[in-house]
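Residues 57 to 271 in this note's numbering are what the sequence shown spells out, letter by letter.
Cβ coordinates follow ideal geometry from the N, Cα and C atoms, glycine included.
Working notes, beginning with the structure itself.
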Amino acid sequence: MRWPWWEIDPENKFAHWNGVVALGVHSGGSISPEVEAELFRTDPPPEQLKAGDVCRVGVPPTVVHVTDVAHHHPPLETAWLPHPTQTVTVLPRGLSYREFPDETHLDGSGYTIHPGDGIPFTFELLMRPYASLQVGDEVADAVGRAWRFDGPWDWTPFDGEPADAGPEWPLVLLTRAGTPCSVEDAEAVAASTAKGSHQETIRDWMALTEASPTP
């Protein structure tokens with residue numbers, strides 16, 4: 057279909073885009089991972105359309121979980137405008153990274169969107185595990201183990217022992233960006249982990265997404 061939100065980049069010397077975007081649709085038989093991950097829908101549905109018809113296109117209210125975020129400085133060189141400055145990879149509720157093998161173009165992660173590229177997405181945050189932590193933070197847990205945080209499900213204990221069930225709450229923030237943390241940051245981490253547990257956070261996330269955490 058002709059895409060209503062992007063413009064052709066006339067100065068791109070390496071690729072030319074004709075203004076058409078293909079959407080993954082179910083056409084009978086087995087459904088491929090690419091079709092399962094598709095967010096956009098048409099109204100009327102594809103099976104009721106023929107060449108030259110006019111339709112609406114958009115994303116109905118959909119719960120997704122983020123598997124990756126990338127920032128692009130300078131922006132990505134694409135054959136369309138505006139050039140993306142950020143890529144967010146998501147999977148719809150009920151789908152886990154395991155359904156998207158690395159050898160497919162989904163690269164083991166899911167469907168990519170580019171916030172700020174002109175498509176009028178509206179986002180509502182439902183849950184962000186460990187929102188008070190930043191990648192690279194070092195913390196001590198309630199049983200005295202020191203950990204490095206590289207994402208909600210990516211914890212590395214400094215004692216070299218298996219991570220097992222993860223850190224025991226509450227957590228004490230030790231360093232941020234390689235330097236001693238501020239009192240405010242330490243208080244935020246302590247408050248956010250005063251109740252609950254790492255395993256409870258995983259269970260709440262899985263209940264919301266109906267998926268398995270990305271390793």
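Where Thr-134 falls: helix, strand or coil (DSSP): As a position in the sequence shown, residue 134 is number 78, starting the count at 1. The answer is coil: DSSP assigns Thr-134 none of H, G, I, E or B.
Stretch-stretch touch, CB-based, cutoff 8 Å, three pairs: the region 139-153 with the region 70-80: no
For Gln-190, the three-state DSSP class (helix, strand or coil): Mapped onto the sequence shown, residue 190 falls at position 134. Coil at Gln-190, not helix or strand.
Beta-bridge partners of Thr-212, as assigned by DSSP: The residue you call residue 212 lines up with position 156 of the sequence shown. For Thr-212, which the question treats as bridged, DSSP gives the partners Arg-204.
Neighbourhood of Thr-123 by C-beta distance below 8 Å, restricted to the same chain and skipping five residues each side: Position 67 of the sequence shown holds residue 123. Correct list, in chain order: Thr-145, Val-146, Leu-147, Tyr-153, Ser-165, Gly-166 and Thr-270.
Which listed residue (Ala-263, Leu-227 and Ser-238) has its alpha carbon closest to that of Ser-253: Here the question's residue 253 lines up with position 197 in the sequence shown. Of the candidates Ala-263, Leu-227 and Ser-238, the one whose C-alpha sits nearest the C-alpha of Ser-253 is Leu-227.
Straight-line Cα distance separating Leu-105 from Gly-85: Sequence index remark: in the sequence shown, residue 85 carries index 29 (1-based). Sequence index remark: in the sequence shown, residue 105 carries index 49 (1-based). Residue confidence for Gly-85 is low, a pLDDT of 49 falling below 50, so the modelled location carries little weight; the figure read from the coordinates is stated next. Using only the alpha carbons, I get a separation of about 20 Å.
Identity of the residues DSSP links to Ala-196 by a beta bridge: Taking the first residue of the sequence shown as position 1, residue 196 is located at position 140. DSSP, once it has assigned bridges, lists Ala-202 and Val-228 as partnering Ala-196.
Extent of the continuous alpha helix (DSSP H) run through Thr-110: If you number the sequence shown from 1, residue 110 lands on position 54. In the sequence under discussion, the amino acid at residue 110 is Val, which differs from the Thr named in the question. Unbroken run through Val-110: none, as it is neither H nor E.
Short Cβ contact (8 Å threshold) for Arg-149 with Glu-266: Position 93 of the sequence shown, counted from the start, is the residue given in the question as residue 149. Position 210 of the sequence shown, counted from the start, is the residue given in the question as residue 266. Cβ atoms of Arg-149 and Glu-266: closer than 8 Å.
Cut-off 7 Å between Cβ atoms - residues of its own chain near Gln-190, not counting five sequence neighbours on either side: Indexing the sequence shown from 1 puts residue 190 at position 134. Arg-232.
Terminal residues of the alpha helix (DSSP H) in which Ala-263 lies: Residue 263 sits at position 207 when you count from the first residue of the sequence shown. Here the alpha helix (DSSP H) through Ala-263 covers 254-265.
Cβ neighbour criterion (16 or more within 10 Å) applied to Asp-250: The count along the sequence shown starts at 1 and reaches residue 250 at position 194. Reading off the sequence shown, one finds Ala at residue 250, where the question assumed Asp. It counts as exposed.
Beta-carbon spacing of Trp-203, Pro-213 below 8 Å: In the sequence shown, counting from the first residue as 1, residue 203 sits at position 147. In the sequence shown, counting from the first residue as 1, residue 213 sits at position 157. Yes.
Asp-197 versus Trp-209, Phe-177 and Gly-222, residue with shortest Cα-Cα distance: Reading the sequence shown from its first residue, position 141 is the one you call residue 197. For Asp-197, the nearest C-alpha among the options comes from Gly-222.
For Trp-61 and Gly-234, the rounded distance between their alpha carbons: If you number the sequence shown from 1, residue 234 lands on position 178. If you number the sequence shown from 1, residue 61 lands on position 5. Looking at the two C-alpha atoms, the distance is approximately 42 Å.
Asp-184 in three-state terms, based on DSSP: The residue given as residue 184 occupies position 128 in the sequence shown. The amino acid occupying residue 184 in the given sequence is Arg; Asp does not appear at that position. Three-state DSSP puts Arg-184 in coil, outside helix and strand.
C-alpha gap between Trp-261 and Pro-218, whole angstroms: Numbered from 1 along the sequence shown, position 205 holds the residue referred to as residue 261. Numbered from 1 along the sequence shown, position 162 holds the residue referred to as residue 218. Looking at the two C-alpha atoms, the distance is approximately 23 Å.
For Pro-138 and Leu-132, the rounded distance between their alpha carbons: Here residue 132 refers to the residue found at position 76 of the sequence shown. Here residue 138 refers to the residue found at position 82 of the sequence shown. Answer to the nearest angstrom: the Cα atoms are 9 Å apart.
Extent of the continuous beta strand (DSSP E) run through Asp-173: Here residue 173 corresponds to residue number 117 of the sequence shown, with the count starting at 1. Unbroken run through Asp-173: none, as it is neither H nor E.
Exposure label - Cys-111; buried when at least 16 CB within 10 Å: Counted from its first residue, the sequence shown places residue 111 at position 55. Classification of Cys-111: exposed, given that the 10 Å Cβ count is below 16.
According to DSSP, residues forming a beta bridge with Glu-63: For the purposes of this step, residue 63 is taken as residue 7 along the sequence shown, with counting starting at 1. Glu-63 pairs with Leu-137.
Buried versus exposed, by CB contacts within 10 Å (16 or more), Phe-179: Taking the sequence shown and counting its residues from 1, one reaches residue 179 at position 123. With fewer than 16 Cβ atoms within 10 Å of its Cβ, Phe-179 is classed as exposed.
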